[in-house]
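Okay, so here's the structure we're looking at.
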Amino acid sequence: MLIRKRKPEVSLEQEAQEGEAENIEELKPTVFADWSGLPEDRLLSAEGKALLDGAITSLPYLLRVVFLLRDIEGLSIKETAETLDLTETNVKTRLLRARMYLRERLSAYYAEHLQEEER
Amino acid sequence: MNDHIHSRCEELLGSLSAYIDGELAPALCQELEKHLEGCDNCRIVLNTTKRTIELVHSPVEKSDLPEDVRERLFKRLNLDDYLKHQSG
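And the structure:
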């Protein structure tokens with residue numbers, strides 16, 4: 002997984018303020034295909050896994066670290082906030098944005114699979 | 350099915366993540382569940398978001414990341430303190 006190199010002179014706190022975007026517009030869903038019932042072996046095909054990895058990698062830095070600590074490492078909101086020196090509200094907002102972004106990316110891909118199945 | 354969401358949906362979707370984690374206040378939780386009963390799009394967004402998180406959690410994904418790679422990744426993300434804290 003390729004990780005974008007952070008500018009060392011920018012602190013997490015600064016980035017948090019700069020990147021602050023509470024605007025719900027950013028995470029408005031646009032794909033409404035229900036692929037949640039597709040079997041796991043189809044969802045996690047080599048292509049599906051590559052897509053998921055790529056989507057995680059393409060998350061902006063602070064969304065990615067929050068997602069990594071919370072959803073991959075399983076830290077609580079409080080622990081994630083303490084590790085990154087962010088407020089819990091900030092962590093929750095970033096987690097929501099990260100999850101919605103990944104959902105949207107996966108939905109666009111799996112929606113095509115559903116269409117193929119219907120043909 | 351309409352391929353757009355309404356302002357009420359947008360408002361409630363802001364609570365979706367907390368709802369999935371079981372951290373939503375009971376009153377808002379009830380409100381969201383009532384809305385979900387009548388809104389196909391929001392229900393789909395909820396189900397597919399949950400599934401997205403499950404896929405990341407899948408053991409296949411976990412085992413794909415060897416310990417040394419994980420260590421390098423965390424160092425690269427400037428999260429060495431977290432790793433030290435975990436092993437200490």
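Protein chains in written order, with the numbering used here: chain A, 2 to 120; chain B, 350 to 437.
In this text, a Cβ means the ideal position worked out from N, Cα and C, and glycines have one as well.
None of these values were measured; they are calculated from a predicted model.
C-beta atoms of residue i and residue j nearer than 8 Å
i	j	result
ALA56 of chain A	LEU115 of chain A	no
PRO100 of chain A	THR398 of chain B	First, the amino acid is wrong: residue 100 of chain A is Arg here, not Pro. For ARG100 of chain A and THR398 of chain B, yes; Cβs fall inside 8 Å.
VAL92 of chain A	ILE78 of chain A	yes
THR84 of chain A	LEU70 of chain A	yes
SER366 of chain B	LEU76 of chain A	no
PHE423 of chain B	ASP429 of chain B	yes
LEU60 of chain A	TYR111 of chain A	no
VAL405 of chain B	ASP72 of chain A	yes
Assigned secondary structure, residue i (DSSP; H/G/I helix, E/B strand, else coil)
i	result
LYS6 of chain A	The predicted model places LYS6 of chain A with a pLDDT of 47, which falls under 50 and marks its position as unreliable, so this point remains unresolved.
HIS114 of chain A	helix
PRO375 of chain B	helix
ASP417 of chain B	helix
ASN427 of chain B	coil
SER364 of chain B	coil
CYS391 of chain B	helix
HIS355 of chain B	coil
ARG400 of chain B	helix
GLU410 of chain B	Residue confidence for GLU410 of chain B is low, a pLDDT of 47 falling below 50, so the modelled location carries little weight and cannot support an answer.
The ligand PLP heavy atom lying under 7 Å from the CB of residue i
i	result
PHE33 of chain A	Judged by which ligands are present, the structure shown has none, so any question about the ligand PLP falls away.
Taking only runs that begin and end inside the segment 23-69 of chain A, name each unbroken alpha helix (DSSP H) of 4 or more residues, in chain order. Whole alpha helix (DSSP H) segments, 4+ residues: 41-44, 47-58 and 62-68.
Residues within the segment 25-54 of chain A neighbouring chain B, beta-carbon criterion of under 9 Å: Considering only beta carbons, the part of the segment 25-54 of chain A lying closer than 9 Å to chain B consists of ILE25, GLU26, LEU28, LYS29, PRO30, THR31, VAL32, PHE33, ALA34, ASP35, TRP36, SER37, GLY38, LEU39, GLU41, LEU44, LEU45, GLY49, LYS50, LEU53 and ASP54, in chain order.
Take every Cβ of the segment 355-374 of chain B, pair it with every Cβ of the segment 384-396 of chain B, and state whether three or more of those distances are shorter than 8 Å. yes
The segment 359-387 of chain B: positions lying closer than 9 Å to chain A by Cβ: GLU359, GLU360, LEU362, GLY363, SER364, LEU365, SER366, ALA367, ILE369, ASP370 and GLU372
Three-pair Cβ contact test at 8 Å for the segment 105-115 of chain A versus the segment 80-92 of chain A: no
What are the uninterrupted segments assigned as beta strand (DSSP E) that are 3 or more residues long and contained completely in the segment 66-90 of chain A, given in chain order? none
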